[in-house]
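**Q** In numbering that gives the first Met the number 0, the protein residues as written are 0 to 204. Every residue, glycine too, gets a C-beta built ideally from N, C-alpha and C. What you are looking at is a predicted structure, and each value in this text was computed from that prediction instead of being measured.
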Amino acid sequence: MTRELADTGTGPTQVKIADGELIARTLAGETRAFDELMLRYRDRVYRLAYHMLWNEQEADDAAQEVFVRAYCHLKKFRGDSGFFTWLYRIAKNVVYTQAKKSGRRREIARLAHRRFLLQGRPAPTPEAYAERGELRELIRDGLRSLEPKQQEVLVLRGIEGLDNDEVARVLNVPVGTVKSRFFRAQENLRQWFEAHEPSRQEGQA
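(1) Give every residue of the same chain whose Cβ lies closer than 7 Å to the Cβ of Asp59, excluding the five residues on either side of it in the sequence, and list them in chain order.
(2) When the Cβ atoms of the stretch 70–81 are set against those of the stretch 15–26, are three or more pairs found closer than 8 Å?
(3) Hey, which unbroken runs of the alpha helix (DSSP H) at 4 residues or more fall wholly within the stretch 55–84?
(4) Buried or exposed: which applies to Arg156, given that a residue is buried once 16 or more other Cβ atoms fall within 10 Å of its Cβ?
(5) Quick one: grab the DSSP three-state call for Ser179.
(6) Suppose you measure from the CA of His50 to the CA of Glu29; what does that come to, to the nearest Å?
(7) Identify whether Val172 lies in helix, strand or coil by the three-state DSSP scheme.
(8) Quick one: measure Cβ to Cβ for Lys148 and Arg180, integer angstroms, because I've assumed they're closer than 8 Å.
(9) May I ask you to report which of helix, strand or coil DSSP gives Trp53?
(10) Taking the alpha carbon of Leu36 as the reference point, which residue from Leu52, Gln56, Phe66 and Glu57 has its own alpha carbon closest?
(11) Evaluate Lys100 with the Cβ neighbour count: other Cβ atoms within 10 Å of its Cβ, from every protein chain shown; 16 or more gives buried, anything less gives exposed.
(12) Using 9 Å as the threshold, is the C-beta distance between Asn187 and Leu145 below it?
(13) What are the boundary residues of the alpha helix (DSSP H) that includes Val154?
(14) On a Cα-Cα basis, can you pick out the residue from Val154, Phe83, Gln97 and Asn92 that is closest to Arg41?
(15) Do Ala184 and Leu153 come within 9 Å of each other at the CB atom, strictly closer than that value?
(16) Please work out which residues of its chain come closer than 7 Å, Cβ to Cβ, to Ala69, disregarding the five sequence neighbours upstream and downstream, and give them in chain order.
(17) Since Leu52 and Ala62 should fall inside the 8 Å C-beta cutoff, what is the C-beta to C-beta distance between them, to a whole number of angstroms?
(18) Under 6 Å Cβ to Cβ from Val93, same chain only, skipping five residues before and after it: list those, please.
(19) Short check: CB of Arg43 to CB of Glu159, under 9 Å?
(20) So, with DSSP's three-state summary, where would you put Leu38?
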């Protein structure tokens with residue numbers, strides 16, 4: 000997020016303000032500073048909520064609740080980790096509460112790229128599927144077959160692009176646990192896709 004600082008006559012000068020400074024300004028009573036934090040991270044928070052709830056309205060409601068809680072508890076942010084890591088912990092709790100209220104299973108991303116999920120193994124040609132929607136459904140069903148803890152690691156690693164250390168801080172687990180969950184998730188997905196690929200099922204028919 001950028002912000003106008005001055006007009007020198009040749010156009011506004013813009014600079015990205017650090018999260019820490021925006022937090023300090025918010026705590027000092029500058030509400031616009033928190034607005035900028037929200038604009039900076041709202042898409043990522045919404046994306047997490049949507050990938051777990053699979054409903055646009057519920058995801059939007061959850062994202063708003065995340066920022067309300069973040070604003071109310073901003074004084075508790077100690078800076079031991081990045082602001083986004085702290086925000087993600089809040090988002091995780093809000094989303095899981097929302098999922099329980101709606102009676103949904105925790106779900107994962109619908110458009111996660113299969114090549115990422117099946118690292119090291121070439122994906123079938125597009126001709127193997129009648130429609131692109133069929134591939135999306137196959138991916139979605141495969142992801143749903145995973146345990147919730149494996150799902151959340153895939154959301155953070157595969158969709159949000161966090162590294163192992165960042166995921167560990169978000170989930171409050173050791174880095175080794177993140178690595179093992181991610182590895183097991185990939186292996187389970189490989190096995191699931193091998194068993195459910197249309198070409199394989201047709202050959203067994």
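**A** Short version:
(1) Locating residue 59 in the sequence shown gives position 60, counting from the first residue. The residues are Tyr45.
(2) yes
(3) 55–71
(4) Here residue 156 corresponds to residue number 157 of the sequence shown, with the count starting at 1. By the 10 Å Cβ count, Arg156 comes out buried.
(5) On the sequence shown, residue 179 is found 180 positions in, with the first residue counted as 1. In this structure, Ser179 counts as helix in the three-state DSSP scheme.
(6) By one-based count along the sequence shown, residue 50 stands at place 51. By one-based count along the sequence shown, residue 29 stands at place 30. His50 and Glu29: Cα-Cα distance of roughly 32 Å.
(7) Stepping through the sequence shown from its first residue, residue 172 is reached at position 173. Reduced to three states, the DSSP call for Val172 is coil.
(8) Here the question's residue 148 lines up with position 149 in the sequence shown. Here the question's residue 180 lines up with position 181 in the sequence shown. Yes, Lys148 and Arg180 are in contact; Cβ-Cβ is about 6 Å, under 8 Å.
(9) Indexing the sequence shown from 1 puts residue 53 at position 54. Residue state, collapsed to three classes: coil.
(10) Looking up residue 36 in the sequence shown gives position 37. Taking only the C-alpha atoms, the option nearest Leu36 is Phe66.
(11) Sequence index remark: in the sequence shown, residue 100 carries index 101 (1-based). Classification for Lys100: exposed.
(12) By 1-based counting over the sequence shown, the position of residue 187 is 188. By 1-based counting over the sequence shown, the position of residue 145 is 146. Yes; because the gap between Cβ atoms is below 9 Å, this pair is in contact.
(13) As a position in the sequence shown, residue 154 is number 155, starting the count at 1. It is not in any alpha helix (DSSP H) - Val154 carries neither H nor E in the DSSP assignment.
(14) Taking the first residue of the sequence shown as position 1, residue 41 is located at position 42. The residue with the shortest Cα to Cα distance from Arg41 is Phe83.
(15) The residue given as residue 153 occupies position 154 in the sequence shown. The residue given as residue 184 occupies position 185 in the sequence shown. Taking 9 Å as the Cβ cut-off, Leu153 and Ala184 qualify as a contacting pair.
(16) The sequence position of residue 69 within the sequence shown is 70, counting from 1. So the list reads Leu86 and Ile89, once near-sequence residues are dropped.
(17) The residue given as residue 52 occupies position 53 in the sequence shown. The residue given as residue 62 occupies position 63 in the sequence shown. Contact doesn't hold; Cβ gap of about 10 Å is too wide.
(18) Translated into positions along the sequence shown, residue 93 becomes position 94. Contacts found: Ala61, Glu64 and Val65.
(19) Your numbering for residue 43 matches position 44 in the sequence shown. Your numbering for residue 159 matches position 160 in the sequence shown. Going by C-beta atoms, Arg43 is nearer than 9 Å to Glu159.
(20) On the sequence shown, position 39 is the one that residue 38 refers to. Here Leu38 sits in helix by DSSP.
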